[in-house]
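**Q** Protein chains in written order, with the UniProt record's numbering: chain A, 1 to 225; chain B, 1 to 225. Pasting in a structure now, in structure tokens, and then I'll have a few things to ask.
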DNA sequence: TTCTGTGAATATGTTCACAGCT
DNA sequence: AGCTGTGAACATATTCACAGAA
């Protein structure tokens, strides 16, 4: 059995990692406008954060700015991309080609820099064989074979809730350690496997909570502050 | 004993609010299995958190458990639902009926307790008039009228990135203060408007970061453990 | 006893404010 | 001068550990 010790300095804080993609997107927009240099203030505004946070975040990657000047856009794009591991191509498999899976397969931003949808997999014989976004939908029986053959390292689960845990177990068994889960279930996975969850109904419920606060409940008082 | 009249001091931490939907889902599963009472430990496992965190979270709502026994499932469902504002029905409009909008309209969990998709809106004449998930797709020109007529208080943006800010401005102008944004842009809104963002490519990039760490990148470098 | 509820301790994240480089 | 990078102060979140109710 392994020691439960973890590296003491995980390096970049989680909160920072979660914001790097935001900075990257803002920087890409600037690069397209041929902006060569940007200050922490301007980049922060474009990314929707404050400049102190941005500088602190970037300082975790190294000293890539120039005092009195700002950051070189292209250079910073490269550094953040490298930190996020986007200088290589990640093969992504989407399991479950219902409405959501289809949306994901067709989603442009998904296929963009660093990621490639390498496989679409479903259990429904009606769907298997279809061409979606230029890819042939393969049968769930082929799951393990496809993952190995295509070098898939990230799996997106867009299956019904009832199927998610089983698919998860199977992809973990063939060595996948990164899963993006859209099914509304809590997946149980071994240590070392990373699961990120996107849950539409949770987001709605959080909005409802705040909306209720603002409105003063179902009565919707006329004199809102 | 607290006065039941004014719910004034309810300072529930954001982190807690974000987890309440998780607890609620786990509790619903238990209610369906006719489980009457649950301990913090069991509920925590079902929700994928640890029990200390769960108890602390629930303590912000009040003292709804019984020492030595646990929590009454039905009662806790009610209390959390009420706190989240799910005892009323929220009318939701989905703007942008592409692949993603369609997926959302058909997503069962979306339509579940507390939420009702009240309108589907798109700019494409090809799509306007279609019936999707039992709803007629209306034209974007009708946006303001539909929102008012149906009492929409939460808007889901599933438009292309380029259209998101304009639609956002328009719905904010007619009084919407809760927006769930799927478009990969930073929306700018006035104070008091709540925007939650779901960004698929950001989630992927965060996964890639961790995956890279685990694998040591494409080179499979020295395993530092 | 069992299990909740909660202060205290710790860990993580954010903001301030200014030192230090260009 | 202008702007980054960063320690220190502050704020929020998590975990511990146990007092206290059933």
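We put the CB at the ideal spot given by N, CA and C, even for glycine. Note that this is a predicted model, so its numbers are computed, not measured.
Quickly, what does DSSP pair residue 138 of chain A with across the bridge? List them, please.
**A** Answer by DSSP bridge pairing, in chain order: A/121.
**Q** Shorter than 9 Å from the beta carbon of residue 140 of chain B to some beta carbon of chain A?
**A** Chain A, which has no Cβ nearer than 9 Å to the Cβ of residue 140 of chain B, makes this no.
**Q** Quick check for students: name the residue ranges of the alpha helix (DSSP H) that lie wholly in the UniProt DNA-binding region "H-T-H motif" (22-61) of chain B, counting only runs of 4 or more.
**A** Counting whole runs of 4 or more residues, the UniProt DNA-binding region "H-T-H motif" (22-61) of chain B contains the alpha helix (DSSP H) stretches 40-47, 51-59.
**Q** In chain B, what lies closer than 9 Å to residue 23 of chain A by C-beta?
**A** Within 9 Å Cβ-Cβ: nothing; residue 23 of chain A doesn't reach chain B, min ~11 Å.
**Q** Thinking C-alpha only, which one of A/107, A/108, A/100 is nearest residue 108 of chain B?
**A** If we check each option's Cα against that of residue 108 of chain B, A/100 comes out closest.
**Q** Are the region 152-165 of chain B and the region 85-94 of chain B touching, with three or more C-beta to C-beta distances below 8 Å?
**A** Short answer: they touch.
**Q** By the DSSP assignment, the alpha helix (DSSP H) with residue 171 of chain A in it spans what residues?
**A** Taken as a continuous stretch (DSSP letters only), the alpha helix (DSSP H) holding residue 171 of chain A covers 161-173.
**Q** At a Cβ threshold of 9 Å, is residue 51 of chain A touching chain B?
**A** Chain B, which has no Cβ nearer than 9 Å to the Cβ of residue 51 of chain A, makes this no.
**Q** State the beta-bridge partners of residue 65 of chain B as determined by DSSP.
**A** Paired residues: B/71.
**Q** Shortest alpha-carbon distance to residue 45 of chain A belongs to which of A/67, A/26, A/57?
**A** The candidate whose alpha carbon is nearest that of residue 45 of chain A is A/26.
**Q** Taking 8 Å as the cut-off, does the region 196-210 of chain B touch the region 111-126 of chain A (at least 3 CB pairs, one atom from each stretch)?
**A** The region 111-126 of chain A is in contact with the region 196-210 of chain B.
**Q** What number of angstroms, rounded off, separates the C-alpha of residue 29 of chain A from the C-alpha of residue 22 of chain A?
**A** Roughly 11 Å separates the two Cα atoms.
**Q** What are the boundary residues of the beta strand (DSSP E) that includes residue 156 of chain A?
**A** It spans 154-157 - the beta strand (DSSP E) in which residue 156 of chain A sits, taken as one unbroken run.
**Q** To which residues of the same chain is residue 38 of chain A closer than 7 Å at the C-beta, ignoring the five residues directly before and after it?
**A** Only 30, 70, 71, 73 meet the Cβ criterion.
**Q** If we cut at 9 Å on Cβ distances, does residue 97 of chain B have a partner in chain A?
**A** Not closer than 9 Å to any Cβ of chain A, the Cβ of residue 97 of chain B fails to qualify, so no.
**Q** DSSP three-state call for residue 115 of chain B: helix, strand or coil?
**A** Residue state, collapsed to three classes: strand.
**Q** Residues of chain B with a CB under 7 Å from the CB of residue 212 of chain A: which are they?
**A** 85, listed in chain order.
**Q** Counting beta carbon pairs with one atom in the region 185-201 of chain A and one in the region 161-169 of chain A, are three or more of them shorter than 8 Å?
**A** Touching, yes.
**Q** Using the three-state DSSP reduction, which class does residue 178 of chain B fall into: helix, strand or coil?
**A** Of the three classes helix, strand and coil, the one that applies to residue 178 of chain B here is strand, per DSSP.
**Q** Looking only at its own chain, which residues have a Cβ that is under 8 Å from the Cβ of residue 81 of chain A, when we skip the five neighbours before and after it?
**A** 24, 87, 113, 114.
**Q** Please report how far the alpha carbon of residue 203 of chain A lies from the alpha carbon of residue 179 of chain B, in whole angstroms.
**A** Their Cα atoms are separated by approximately 10 Å.
**Q** Using 9 Å as the limit for Cβ to Cβ distance, is residue 17 of chain B near chain A?
**A** Yes, contact with chain A.
**Q** What's the C-alpha gap between residue 103 of chain A and residue 98 of chain B?
**A** Roughly 8 Å separates the two Cα atoms.
**Q** State the Cα-Cα distance for the pair residue 152 of chain B and residue 75 of chain A, rounded to the nearest angstrom.
**A** Approximately 45 Å between the Cα atoms of the pair.
**Q** Which whole-angstrom value is the C-beta distance of residue 54 of chain A and residue 65 of chain A, which I expect to be below 8 Å?
**A** Actually they do not touch by this definition, with Cβ atoms about 10 Å apart.
**Q** Ends of the alpha helix (DSSP H) at residue 105 of chain A?
**A** 99-106 is the span of the alpha helix (DSSP H), which, as asked, contains residue 105 of chain A.
**Q** Within 10 Å of its beta-carbon, does residue 105 of chain B have 16 or more other beta-carbons around it, so buried, or fewer, so exposed?
**A** Result: buried.
**Q** With H, G and I counted as helix, E and B as strand and the rest as coil, what does DSSP make of residue 199 of chain B?
**A** Correct three-state label for residue 199 of chain B: coil.
**Q** Do residue 51 of chain A and residue 40 of chain A count as a contact pair if the criterion is CB distance below 9 Å?
**A** In contact: residue 40 of chain A and residue 51 of chain A (Cβ atoms closer than 9 Å).
**Q** Determine the extent of the beta strand (DSSP E) in which residue 12 of chain B is found, giving its start and end residues.
**A** Counting along the chain, residue 12 of chain B falls outside any beta strand (DSSP E), and DSSP gives it neither H nor E.
**Q** Could you name the residues that DSSP lists as bridge partners for residue 91 of chain B?
**A** According to DSSP, residue 91 of chain B bridges with B/116.
**Q** Please name the residue in B/36, B/79, B/68, B/215 whose C-alpha comes closest to that of residue 20 of chain B.
**A** Closest by alpha carbon: B/79.
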